[in-house]
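Protein chains in written order, with our numbering: chain A, 505 to 745; chain B, 448 to 557.
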């Protein structure tokens, strides 16, 4: 068994709210430097910088996980993680088609940049990626599973874009067995809410720039083998009701 | 009616008032930012309880005359800064969104 340090929530320059300097290779490099074995890239409603991120992670000797921070129709943020890059890309296309046709205004929201694994900028996304998709929160878990991934709600302790705040309470009918808490969330938060009984938790850095990547890891998973199939299987076990 | 006049008439708290002469065409109520972006009309006053910096970005996108935070909600410091920088009028009231809407309707008249 290997004890593997992980963080499964981060953004690259494709997310308008992230720094332009947060190219996938820079984020991957900092995760490696900070001692992480496993890191996921979860840009808003897109996996299109994941190929570069995975390649950069490989270069730096850590395991990259392709992912997305899906924004549901209720504006609830949901982390979706995949075993295969190809499934993540198919999911990404599915979500892209369900985003409203609103163009980004880079001066207001920030630029949405595509990058290659060497950090070069290869293009810019014109559709606003932080819009709500047409996918409902009750659909998200099944949908991610259909694409070979797993999904759970992000930063449920926060005010903005959180399942608890936007929907009022946790409902097992949504199909999630696990939830993410923000790094700043008090440890006793889950025990203060009866509706969270039985739910498992992990924390996500939600790093939008390198300084937000934790200086040292605080979460670990025990794996027989450090590969994507084992990571997704570990998450799925915890994410079942 | 201008935003400045409405601020006086409804005794709104001023968080940022960089464009007091904006004219109010009507109002939109809602807390899901995507809905506001897609549905609010230019010049609308926007009633919301959301207080993060994306509120200012949405107000710019939708070309709104002002944002009115209801229920006594206070803006995040980043929202205050962004509202000032983007020329967005940011106001507040202790009234609920419903009560504030009724007051606005009565103030604007038929």
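Ideal Cβ positions, reconstructed from N, Cα and C, are used throughout, including at glycine.
Quick caveat: nothing in here was measured; it's all calculated off a predicted structure.
- Message: Contact defined as beta carbons within less than 8 Å: I believe residue 568 of chain A pairs with residue 543 of chain A. What is the distance between those atoms, to the nearest angstrom?
- Response: Position 64 of the first chain holds residue 568 of chain A. Position 39 of the first chain holds residue 543 of chain A. That pair is a contact at about 6 Å.
- Query: Between the beta-carbon of residue 563 of chain A and the beta-carbon of residue 709 of chain A, is there less than 9 Å?
  - Reply: Position 59 of the first chain, counting from 1, holds the residue named residue 563 of chain A. Position 205 of the first chain, counting from 1, holds the residue named residue 709 of chain A. Cβ distance not < 9 Å, so residue 563 of chain A and residue 709 of chain A don't count as in contact.
- Task: Could you tell me which of A/645, A/605, A/555 and A/733 sits nearest to residue 482 of chain B, measuring between CA atoms?
- Result: Start at 1 with the first residue of the second chain, and residue 482 of chain B comes out as number 35. It is A/605 whose Cα lies nearest to the Cα of residue 482 of chain B.
- Which residues, in order along the region 600–615 of chain A, keep a beta-carbon less than 8 Å from a beta-carbon of chain B? Of all residues in the region 600–615 of chain A, 604, 606, 609, 612 and 613 have a Cβ within less than 8 Å of some Cβ in chain B.
- Message: For a test of your reading of the model: does the CB of residue 592 of chain A fall under 8 Å from any non-hydrogen atom of the ligand NAD? Yes or no.
- Response: Although the ligand NAD was asked about, the structure shown includes no ligands whatsoever.
- Item | Classification of residue 552 of chain A by the beta-carbon crowding that lies within 10 angstroms, buried from 16 upward | Stepping through the first chain from its first residue, residue 552 of chain A is reached at position 48. By the neighbour-count criterion, in which 16 or more other beta carbons inside 10 Å mark a residue as buried, residue 552 of chain A falls on the buried side.
- Message: Tell me which residue opens and which closes the alpha helix (DSSP H) that residue 503 of chain B is part of.
- Response: Here the question's residue 503 of chain B lines up with position 56 in the second chain. First-last of the alpha helix (DSSP H) with residue 503 of chain B: 501–508.
- Would you mind telling me which residues of chain B sit closer than 8 Å to residue 635 of chain A, beta carbon to beta carbon, in chain order? Looking up residue 635 of chain A in the first chain gives position 131. Simply 481 and 484.
- Looking at chain E, which residues of the region 518–534 of chain B have a Cβ within less than 8 Å of any of its Cβ atoms? Here the protein chains are A and B, and chain E is not one of them.
- Whose C-beta lies closer than 8 Å to the C-beta of residue 543 of chain B among residues of the same chain, with five residues either side of it excluded? Translated into the one-based positions of the second chain, residue 543 of chain B becomes position 96. 517 and 518, listed in sequence order.
- Query: Who pairs with residue 618 of chain A in a beta bridge, going by DSSP?
  - Reply: Taking the first residue of the first chain as 1, we reach residue 618 of chain A at position 114. Paired residue(s): A/627.
- Task: At 7 Å on the CB atoms, spell out the chain B contacts of residue 579 of chain A, in chain order.
- Result: As a first step, residue 579 of chain A is located in the first chain; it is residue number 75 there, counting from the start. Under the 7 Å cutoff, chain B gives 479, 480 and 481.
- Among A/506, A/572 and A/524, which residue has its Cα nearest to the Cα of residue 545 of chain A? Here residue 545 of chain A refers to the residue found at position 41 when the first chain is read from its first residue. When each option's Cα is compared against that of residue 545 of chain A, the closest is A/572.
- Item | Rounded C-alpha distance that separates residue 613 of chain A from residue 520 of chain A | On the first chain, residue 613 of chain A is found 109 positions in, with the first residue counted as 1. On the first chain, residue 520 of chain A is found 16 positions in, with the first residue counted as 1. Their Cα atoms are separated by approximately 6 Å.
- Minimum C-alpha distance to residue 549 of chain A - residue among A/649, A/635 and A/681: By 1-based counting over the first chain, the position of residue 549 of chain A is 45. Closest by alpha carbon: A/635.
- Task: Take residue 652 of chain A as the anchor and find which of A/588, A/516 and A/509 has the nearest alpha-carbon.
- Result: By 1-based counting over the first chain, the position of residue 652 of chain A is 148. Selection A/588, A/516 and A/509 evaluated against residue 652 of chain A yields A/588 as nearest (Cα-Cα).
- Query: Of the choices A/690, A/607 and A/541, whose alpha-carbon is the least far from that of residue 506 of chain A?
  - Reply: Working through the first chain from its first residue, we reach residue 506 of chain A at position 2. Among A/690, A/607 and A/541, the Cα nearest to that of residue 506 of chain A is on A/541.
- Apply the 10 Å Cβ neighbour rule to residue 455 of chain B and answer buried if 16 or more other Cβ atoms are within range, or exposed otherwise. The count along the second chain starts at 1 and reaches residue 455 of chain B at position 8. Residue 455 of chain B should be labelled exposed.
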